[in-house]
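Asker: My questions will all concern the structure given below.
Numbering (the UniProt record's numbering), first residue to last: 1 to 329.
Structure below.
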């Protein structure tokens, strides 16, 4: 991971100093990294003694982030035009405005600073950005900014940022030999008070019985494609109605299917409504699933990406398999 350049750190510091109020927001359907990054930016705003508002379109589906939901709202504090001129919009773990979701208020025409780590991220016009596709989590970028601005992180913040880092690295499972500096940053969080064992237990426990039943259904739906190198599974609306939406454990599903011999990529598709689907992709090192997700208007990381699109499973799945066939020979 490349360290954030001194120029970018200076630009961010200047942005914080030049604005009197901040809206802090991440992508809709937040995960642990998104929430931790927002809370890290909150800590930076507090360092500057600047007022702020944490925004999120939600929903807070994941069990491990639900305790943070009261910190966020989807209704923007009203500001006058003169106040908006001195207001900064901080967007983390996302660079596309449409991925912020439905917020009651006007996010447009505000001075904007984006901090993101997705490979498909792009800096919008008139925004300042720190985009680091080689960073495994937005949380580690927020950590570096905080350390450069405020010094050693507090115990509470260390626990939050470590939680975010563990979410996106799969407890370091997705790191490689080039990520030694990420492990060094994680060690600093542990030295500040983060507890790896407690974090692991917190993220992986508390699942409902129905999530285990649903996991079995997903495994039963799984089918091999492309000579066994791709596995695709899916969730129907009937599955969702029967087993619910809370506490899904897609990470365990992906890891289980990726452990199958010769498998290089896994797709999990879900029929969300009668006319819309979502899908998540995971892969081993050689396949860039972000490029495939981008074909359907999605994006993400090289080895972990997703999409949301119009359509039905019986047409979406063959289209996805066709795209994978172009890269799995």
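Think of the CB as a built atom: it goes at the ideal place given N, C-alpha and C, for glycine as much as any other residue.
Being a predicted model, the structure only gives us computed values, none of them experimental.
(1) Quick check on residue 126: buried or exposed, where buried means 16 or more other Cβ atoms within 10 Å of its Cβ?
(2) Could you have a look at residue 116 and say whether DSSP puts it in helix, strand or coil?
(3) What separation, rounded to the nearest whole angstrom, lies between the Cα atoms of residue 270 and residue 250?
(4) In angstroms with no decimal places, state the Cα-to-Cα distance between residue 266 and residue 293.
(5) Classify residue 319 as buried or exposed, calling it buried when 16 or more other Cβ atoms lie within 10 Å of its own Cβ.
(6) Name the DSSP bridge partner or partners of residue 53?
(7) On the premise that residue 192 lies in contact with residue 153, defined as a C-beta separation below 8 Å, what is that separation, rounded to the nearest angstrom?
(8) Give the single residue among 201, 11 and 150 whose Cα lies nearest to the Cα of residue 171.
(9) Going by DSSP, which residues form a beta bridge with residue 271?
(10) Given a cut-off of 9 Å, decide if residue 196 and residue 162 are closer than it, judged by their beta-carbon atoms.
(11) Is the stretch 319-329 in contact with the stretch 216-232, if contact means three or more CB pairs nearer than 8 Å?
(12) What does the alpha-carbon distance come out to for the pair residue 298 and residue 317?
(13) Does DSSP put residue 146 in a helix, in a strand, or in coil?
(14) Between which two residues does the alpha helix (DSSP H) containing residue 254 stretch?
(15) Pick out whichever of 73, 51 and 213 has its Cα sitting closest to the Cα of residue 60.
(16) Is the beta carbon of residue 275 closer than 9 Å to that of residue 312?
(17) Could you say if the stretch 97-116 and the stretch 44-60 meet the contact criterion of at least three C-beta pairs nearer than 8 Å?
(18) In the DSSP assignment, the beta strand (DSSP E) including residue 235 goes from what residue to what residue?
(19) In angstroms with no decimal places, state the Cα-to-Cα distance between residue 33 and residue 166.
(20) When you compare only the Cα positions, how much space is there between residue 47 and residue 309?
(21) May I ask you to verify whether the stretch 178-187 touches the stretch 200-215, counting CB pairs closer than 8 Å and requiring at least 3?
(22) For residue 27, I'd like the list of residues in its chain whose CB is within less than 7 Å of its CB, leaving aside the five on either flank, ordered along the chain.
(23) Give a yes or no on whether the C-beta atoms belonging to residue 71 and residue 42 are separated by under 9 Å.
(24) Using a threshold of 9 Å, state whether the C-beta atoms of residue 150 and residue 44 are closer than that.
(25) Return the CA-CA distance between residue 305 and residue 68, expressed in angstroms with no decimal places.
(26) Using the Cβ count rule (16 or more neighbours within 10 Å means buried), how would you classify residue 282?
(27) Give the single residue among 168, 268, 300 and 185 whose Cα lies nearest to the Cα of residue 36.
(28) Just to check, is the beta-carbon of residue 213 closer than 8 Å to a non-hydrogen atom of the ligand GDP?
(29) Pick from 118, 78, 314 and 146: whose alpha carbon is nearest that of residue 96?
(30) Around the C-beta of residue 189, are 16 or more other C-beta atoms found within 10 angstroms, so that it is buried, or is it exposed?
(31) Is residue 5 buried or exposed, if buried means 16 or more other CB atoms sit within 10 Å of its CB?
(32) Per the DSSP calculation, residue 304 is bridged to which residue(s)?
Answerer: Here's the rundown:
(1) Residue 126 should be labelled exposed.
(2) strand
(3) Each residue's alpha carbon lies about 11 Å from the other.
(4) 13 Å
(5) exposed
(6) 23
(7) 5 Å
(8) 201
(9) 277
(10) yes
(11) yes
(12) 15 Å
(13) Residue 146: helix per DSSP, three-state reduction.
(14) 250-258
(15) The residue from 73, 51 and 213 with its alpha-carbon nearest to that of residue 60 is 73.
(16) yes
(17) yes
(18) 230-235
(19) 8 Å
(20) 40 Å
(21) no
(22) 34, 93, 94, 99 and 100
(23) Residue 71 places its beta carbon less than 9 Å from that of residue 42.
(24) Contact check for residue 150 against residue 44 passes: the beta carbons are separated by less than 9 Å.
(25) 24 Å
(26) Counting Cβ neighbours within 10 Å, residue 282 comes out buried, since at least 16 surround it.
(27) 168
(28) Inclusion of the ligand GDP in the displayed structure is not the case, the ligand content being empty and no account of it being possible.
(29) 118
(30) buried
(31) exposed
(32) 282
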